[in-house]
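What follows is one structure encoded as structure tokens, with my remarks underneath.
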Amino acid sequence: MERKPYSSENTSRYEFRSSSCKKKKKQGRKAFEENLLVVLGQMKLWKKNGPRMVATSGDSADSKRRDSKPNAGRQQRKTTSLSSLPLEAHWHFLELQKKKKKPTLASKMSFRSLQKSLTKITKSDTFRTIFQGARDPEDLKQVQALRDLLASTGQLPEKHDDYHTLLRFLRMRDFDLAKTRIMFVNMLKWREDNRVDVIAREFEFEEHDAVQRWYPRGYHGVDNVGRPLYIERIGSIDFNTLLTVTTVDRFVKHHIVEQEKTLNLRYPACSLAAKRHIASITAILDVEGLGIKNFSKPARDIFTEIQKIDSNYYPETLNQLYIINAGPGFKALWKILRAFLEPRTLSKVQVLGSSFITKLSEAVDLSNIPEFFGGKCKCVEHGGCLRKDKGPWTDPEIKSKLLEVFYKAQNLGDEPTDDDIFKELTKSQVTYDGRLRSNPIATTPKTENYNIGIDSLEQYMGTASVSKHLAQKISELEEWLVGTNKILQTLFTKQQQLADNIEELKNLIEQLRVSDA
């Protein structure tokens, strides 16, 4: 084959290709050097601290975990404390120059893509990570130590023997086992004394619409991570008028119902939608117009009682609180209110003035921020954003998949198995316009062909769950029967005493008659 002679055209083409190759090689070498530096940094970090895990999201709390097992005569290695991280934080090993991707949230997904995503989750073991979350080895040790301590004194009911519940209490008490045990036992006593399970199951807040008019608040979507977003316009509350339609006691009971619903339904639904473990909320508190002058006694009573309940019995469920529209009046009031809050809670509070939307949009997408706060959401069809309980927990598709997930979890003997979650999921379904759905939710688990609906819950839950529920009811009836027997015994004793007194009175009258005669 005859070689073509070099020409100026061929020469320029060769020079172009040569320079292009050199450029690509240079870029490849640069990328390799950058990756190598990351690897060396990772090896250096592992050599210093061991293959520790790092979290993707942080918390502003500055508490440090106390080491429960000091080694005498040997200097301990310094490790980064993870106690200040939010419960739903995911831990992973360091990766090479991987760009952070924002989690795909159900609120931004089309119905078809959400359905496809949820189907993929329930066909795999992903739900274990979603609902259980990644667990730090140090946390596991502390939780197990608390379990052993509580179990040794018979103070760990099966219902509350949950990893994340125990971890929340440990975090609130800075991993001090003795203090955590006291706090946990107080929670159990409070639940028993106030019959919290009965309140969550049976309490009806008929005055909800009237209260909503004078006390605008509610859940409205999720933040950028997938946590439930709670909004409260406390500056618009007329407490004196509020107490004409409800009482402090009934309002507090309603708050307990909402807390139980958040634990048992909102968190699991948000976890499934965000594909990660969710265990806390982001809250927005609008205090426009609120100050010392209009913070009346009813307001103080409600605030004090709710704060006590949230801090002592539902600890570590707040990720971040944004107090917005804080004027001079509120700032003076805030100096007083701070005294009622735990230090860890205070570390999660940001007090903002009227220019808050930029800071707020860093944590919450504008599509989930109401228009009256500078966001893009109106919810006109529901009479306003705060009148709609908007979020993954009201999505029929997510509820349907949650039922399937919990069914699989129960069959595998894996977490989560809480019956309260199942009861929340199987209540009458409400559509976005607030009307009851006539069509039951239907899913088809792999193991059996069940149709899940309001009228077929016992079939879906299985014989074991029904038996457990019946046993609980029988136990409650037996307790009531014992109490009734005690009351009857007391009444019988009183009756005998009364009969004796009457007999003595008759004898006394007879003696008086004889003496008069």
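Counting from 11, one number per residue, gives the positions in the sequence shown under this note's numbering. Ideal Cβ positions, reconstructed from N, Cα and C, are used throughout, including at glycine.
Residue i - containing alpha helix (DSSP H), residue span
i, result
"T314", "307 to 323"
"H218", "218 to 224"
"V206", "206 to 212"
"I367", "367 to 371"
"V258", "258 to 271"
"H174", "173 to 182"
"R237", "Run containing R237: none; DSSP gives neither H nor E here."
"D146", "Unbroken run through D146: none, as it is neither H nor E."
"D203", "187 to 203"
"G394", "Careful: G394 lies outside any alpha helix (DSSP H) and carries neither H nor E."
"C387", "Run containing C387: none; DSSP gives neither H nor E here."
"L343", "338 to 347"
"L253", "Unbroken run through L253: none, as it is neither H nor E."
Whole-number beta carbon distance between residue j and residue i, since they are thought to touch under 8 angstroms
i, j, result
"I209", "R227", "Actually they are not in contact, since the Cβ atoms of I209 and R227 sit about 19 angstroms apart, beyond 8 angstroms."
"N204", "V374", "33 angstroms between Cβ atoms; not a contact."
"F7", "V153", "Outside the shown range of the chain (11 to 527) lies residue 7, about which nothing can therefore be said."
"V195", "L282", "Not confirmed; about 32 angstroms, so no contact."
"L328", "S290", "6 angstroms"
"T159", "L187", "A small fix is needed here, since residue 159 is Leu in this sequence, not Thr. With a Cβ gap of about 6 angstroms, L159 and L187 count as contacting."
"T355", "S321", "7 angstroms"
"V397", "Q222", "First, the amino acid is wrong: residue 397 is Arg here, not Val. Right, the Cβ-Cβ distance comes to about 6 angstroms (below 8 angstroms), so this counts as a contact."
C-alpha gap between residue i and residue j, whole angstroms
i, j, result
"S525", "I519", "10 angstroms"
"R157", "R191", "9 angstroms"
"S306", "L253", "12 angstroms"
"F350", "I512", "57 angstroms"
"L491", "L501", "15 angstroms"
"T163", "I302", "46 angstroms"
"P380", "C395", "6 angstroms"
"I319", "E514", "54 angstroms"
"I288", "Q505", "58 angstroms"
"R484", "T494", "Per the sequence shown, residue 484 should be read as Ile rather than Arg. When rounded, the distance between both Cα atoms is 15 angstroms."
"E3", "K199", "The structure shown does not extend to residue 3, since the chain is modelled only from 11 through 527, so no value can be given for it."
"E486", "G363", "51 angstroms"
"R211", "E407", "24 angstroms"
"E352", "Q269", "19 angstroms"
"K409", "W403", "7 angstroms"
"F185", "E148", "11 angstroms"
"A509", "P167", "46 angstroms"
"Y323", "K516", "58 angstroms"
"R445", "A220", "Because the pLDDT of R445 is 29, which lies under 50, any placement of that residue in the model is unreliable, and the question is left without a value."
"Q499", "V206", "29 angstroms"
"A155", "N304", "47 angstroms"
"K4", "R145", "The structure shown does not extend to residue 4, since the chain is modelled only from 11 to 527, so the question has no answer here."
"K388", "D399", "13 angstroms"
"L522", "E488", "51 angstroms"
"D405", "R178", "28 angstroms"
"S365", "L300", "17 angstroms"
"C280", "P338", "37 angstroms"
"A284", "N274", "16 angstroms"
"A161", "F382", "50 angstroms"
"L347", "R286", "34 angstroms"
7 angstroms Cβ cutoff met for residue i and residue j
i, j, result
"R276", "P325", "no"
"A336", "V361", "yes"
"G401", "Y229", "yes"
"N378", "G231", "yes"
"I333", "V297", "yes"
"T292", "Q317", "no"
"L295", "I244", "yes"
"M197", "R183", "no"
"L412", "P278", "yes"
"E217", "V258", "no"
"K386", "L376", "yes"
"F249", "P308", "yes"
Residue span of the beta strand (DSSP E) that contains residue i, given as start and end
i, result
"A293", "291 to 296"
"I244", "Looking at the DSSP string, I244 is not in any beta strand (DSSP E), and its letter there is neither H nor E."
"I334", "328 to 334"
"V361", "359 to 361"
"G301", "Premise fails: G301 is in no beta strand (DSSP E) and is neither H nor E."
"V232", "227 to 232"
Proximity test, residue i beta-carbon vs the ligand NAP heavy atom, cut-off 6 angstroms
i, result
"E489", "Here there are no bound small molecules, and the ligand NAP is not part of this structure."
### Message
Under 8 angstroms: do the stretch 166 to 183 and the stretch 305 to 316 share three or more Cβ pairs, one atom per stretch?
### Response
These segments do not touch.
### Message
Between the stretch 337 to 347 and the stretch 255 to 264, can you find at least three pairs of beta-carbon atoms closer than 8 angstroms?
### Response
no
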